[in-house]
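Okay, so here's the structure we're looking at.
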Amino acid sequence: MMRASQLAQANTLIRFVGYQPRPGVAAEQFISAWQSTVAQVQQPAGLIYRELCQQVPAWNAQVSDEAQNPNPFAFIDYAILRPDQDPAALPALPTAITDHYELVEGLFNIVHPFVKPELSGEPQTLLYNCFEIDGPPAVEQGFVLGWPGRGAYQAQQAGFYSAFLHRRLQRDVRIAAFNRAEWQNVTQYANTLAGFEQNFPRQARAAAGGPPPTGSGRPPVHSYLGLYRIVESFQGPPTPPPTMMKAVVMHGYGGPEVLTYQETPRPVPGPGQVLLRVHAAEINPLDLKMRSGAVKTIHPAWPEDILGFGLSGVIEAVGRGVDARRIGEAVYGTDSPFVRRGYAEYVVAPASFFQPKPANLTFVQAAAIPVGVGTAHNALFKMANLQAGQSILIHGGSGTVGGFAIQLARRAGAHVVATASTARLDYVRSLGADEVIDYQAQRFDEQLANLDVVLDTIGGETRERSWPLLRRGGVLVTLVPPLPDPASAARYGVRAVMNQNANDESQFLRQVTDLLEQGELQLPEIGRVLPLSQAQQAHSLLEQGQLKGRIILEI
593 MMRASQLAQA NTLIRFVGYQ PRPGVAAEQF ISAWQSTVAQ VQQPAGLIYR ELCQQVPAWN
653 AQVSDEAQNP NPFAFIDYAI LRPDQDPAAL PALPTAITDH YELVEGLFNI VHPFVKPELS
713 GEPQTLLYNC FEIDGPPAVE QGFVLGWPGR GAYQAQQAGF YSAFLHRRLQ RDVRIAAFNR
773 AEWQNVTQYA NTLAGFEQNF PRQARAAAGG PPPTGSGRPP VHSYLGLYRI VESFQGPPTP
833 PPTMMKAVVM HGYGGPEVLT YQETPRPVPG PGQVLLRVHA AEINPLDLKM RSGAVKTIHP
893 AWPEDILGFG LSGVIEAVGR GVDARRIGEA VYGTDSPFVR RGYAEYVVAP ASFFQPKPAN
953 LTFVQAAAIP VGVGTAHNAL FKMANLQAGQ SILIHGGSGT VGGFAIQLAR RAGAHVVATA
1013 STARLDYVRS LGADEVIDYQ AQRFDEQLAN LDVVLDTIGG ETRERSWPLL RRGGVLVTLV
1073 PPLPDPASAA RYGVRAVMNQ NANDESQFLR QVTDLLEQGE LQLPEIGRVL PLSQAQQAHS
1133 LLEQGQLKGR IILEI
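If you're matching positions, the sequence shown starts at 593 in the working numbering and goes up one per residue.
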């Protein structure tokens, strides 16, 4: 029997049902009913794996100091489905049983995987840590972005098999996210807790999503932890061989050589998703960091992963809930960097992430736009709240994000200062910057003061030299890890944040389409166009840093 962590994939659909008991049904009766009405009947073709887990109070007692709150679910029914499988078709318990439980049910996807596929054997202990998160979507996004460091720490410990952070697909589900982790036994998990608390203090974890909602006085993240045993598990029925496609698959972390052009199963769209026939995919600097492992505590990779999230192409199929009239539509947009998988002939992503491609652009031109313009817009107006009349310093003004940031800030009425190399000064001026500083000949920190906003696209020493340039109450937004130092922000009396792109940036892309078709936004430069099979070369070229403009894979 394979473990759940060996069967789940980037786009599999996860159905979670938690059973919180009321008086009236013994545990043995519940288990017997599940076995006879769920496990021992015919299963739908789209079921990959299903398990019933029972909470073990004696194990919880060994880790009680770790739990912010006890997990209320006596049983958890966890199912892995093909994305096109309707969860309503799964065999269900009779109401005579479920009426004695309060049910929490939802659909989730896996946003952060940590897996040790090389380990043999079966996990004796499962951890389910369910998270309720108060506040707007940005709080949930902040929690999700900050969680992988915990998974990376646990993945280094003896007895660890896997940890998957799941995120809800429906906003009305009470559980915003949950971690399902597999351990060899409870003792090995318990042995990790002292070190875990030292590295990730409980108070900081509770505040991970941001400050408490106004007036609530309590942290925004509420954790409900419990340890479980698997009562029964089974795999779904055999499925026919999948349709294949060409893709560039990443096998572990390393240099460009870990990228292999090969055949891999073609994805199928799930609820709310489209299947995109990819015509062009952008090589983003973040792709290189993902490949090398530099951001594995922010964007952990699957054992076999596919990079790329800035795309253009044609919608070839749609999932449940998507208007079939979108089939055949030429679109551009960005899949989530948590999911990626754009270096491929086909990709699936939420339909809302893609907008009609500007009629005056090629697919190659279009692929270079969504990530850069969406990141710039989010950083300026959602993270920094840039207003007309304010001053902003944009580092790396000749880059795609920097170039769009200059144009958007100018359109908003801000005073824009940008840094650039000697060779790129004229280009940055052509984008509309009010002042351009040659960082190769001048020290920007000796010429500026009392700024409202700094957009940091560089990090390192450039970020450190930018702190004193902000007025008290100003904002520093960074696009590059590590997270801004809270002590430095407090010392200078400023707010400092890591940019977190919101999922609704695709709606802004509609406005971008209009601006591009009217010639009111300057396109980013494209330095090289290569076929999908030459993704290794594309990564090498970008790492060398000699090209001006984006590298695009044409498919």
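For every residue, glycine included, the Cβ atom is placed at its ideal position computed from N, Cα and C.
Quick check: W626 and V778, are their CB atoms within less than 8 Å of each other? no
Would C645 and Y611 qualify as a contact pair, given that the criterion is a beta-carbon distance under 8 Å? no
Skipping 5 residues on each side, what residues in its chain have a beta carbon closer than 7 Å to that of Q654? V778, A782
For F667, I'd like the list of residues in its chain whose CB is within less than 7 Å of its CB, leaving aside the five on either flank, ordered along the chain. Y611, F622, L644, C645, Q646
Minimum C-alpha distance to Q780 - residue among V840, Q635, K838, Q716: Considering only alpha carbons, the answer is Q716.
Starting from H1131, trace the alpha helix (DSSP H) in both directions and tell me its first and last residue. Unbroken alpha helix (DSSP H) run through H1131: 1127 to 1136.
What residues in its chain sit with their C-beta under 6 Å from that of Y816, if we drop five residues either side in the sequence? N661, N663, C722
Skipping 5 residues on each side, what residues in its chain have a beta carbon closer than 6 Å to that of T806? Note that T806 scores 47 on pLDDT, short of 50, meaning its location in the model is unreliable; the coordinates nonetheless yield the value given after this. Counting only Cβ-Cβ distances below 6 Å, and skipping sequence neighbours, we find nothing.
Find the nearest neighbour of S628 within the set L819, T1011, P683, D678, judged by alpha-carbon distance. P683
Can you check which of these residues, Q632, Y935, P812, A922, is closest to T852 by C-alpha distance? Y935
Same chain, Cβ closer than 6 Å to H692, five either side skipped, listed in chain order: R614, G616, V617
On the CB-based measure, 16 or more other CB atoms within 10 Å of its CB, does K949 come out buried or exposed? buried
Entirely enclosed beta strand (DSSP E) segments - the region 1072 to 1124, minimum 3 residues: 1087 to 1090, 1118 to 1123
S597 and F756: beta carbons closer than 8 Å? Result yes, Cβ atoms of S597 and F756 sit closer than 8 Å.
Take every Cβ of the region 946 to 962, pair it with every Cβ of the region 976 to 988, and state whether three or more of those distances are shorter than 8 Å. no
Buried versus exposed call for S983 [16 or more other C-beta atoms within 10 Å across all chains shown]: buried
Alpha carbons only, please: which of A600, Q1114, L1000, A873 is nearest the one belonging to V923? Closest by alpha carbon: A873.
Same chain, Cβ closer than 8 Å to S1132, neighbours up to 5 away in sequence not counted: Excluding the 5 residues flanking it on each side, S1132 has same chain C-beta neighbours closer than 8 Å at P848, in chain order.
Residue from Q1092, D1077, P832 with nearest C-alpha to F930: Q1092
Find the nearest neighbour of E908 within the set A1082, F901, G902, R917, judged by alpha-carbon distance. Closest by alpha carbon: R917.
Counting C-beta neighbours from all protein chains within 10 Å, is the total for V940 16 or more, i.e. buried, or is it exposed? So V940 counts as buried.
Taking its Cβ as the centre, do 16 or more other Cβ atoms sit within 10 Å of A602, making it buried, or is it exposed? The residue is buried, with at least 16 neighbouring Cβ atoms inside 10 Å.
Between the Cα of V841 and those of Q634, L1139, I1143, Q1126, spot the shortest distance and give me the residue it belongs to. Q1126
Alpha-carbon to alpha-carbon, I919 and E1053: 48 Å
Any idea if T1014 is buried or exposed, counting beta-carbon neighbours within 10 angstroms, 16 or more meaning buried? exposed
What do you reckon, are the CB atoms on L695 and N771 nearer than 8 Å? no
Would you kindly work out how many angstroms separate the C-alpha atoms of L605 and E824, rounded to a whole number? 20 Å
Going by beta-carbon coordinates alone, are I1144 and A960 separated by less than 8 Å? A contact, by the Cβ cut-off of 8 Å.
Close-in-space but distant-in-sequence residues of the same chain around F752 (CB under 7 Å, 5 per side omitted): K708, Q746, W775
Do you know whose CA, among L639, F946, L1061, lies nearest A1041's CA? L1061
For Q1110 and V1104, I'd like the C-alpha separation in whole angstroms. 10 Å
If you run the structure through DSSP and keep just helix, strand and coil, what is P649? helix
Ignore the nearest five residues each way along the sequence and tell me which others in A1130's own chain have a CB closer than 8 Å to its CB. I875, R1120, L1122, I1143, L1145
Distance, Cα to Cα, W1059 vs S1098? 31 Å
What residues in its chain sit with their C-beta under 6 Å from that of E1027, if we drop five residues either side in the sequence? V1009
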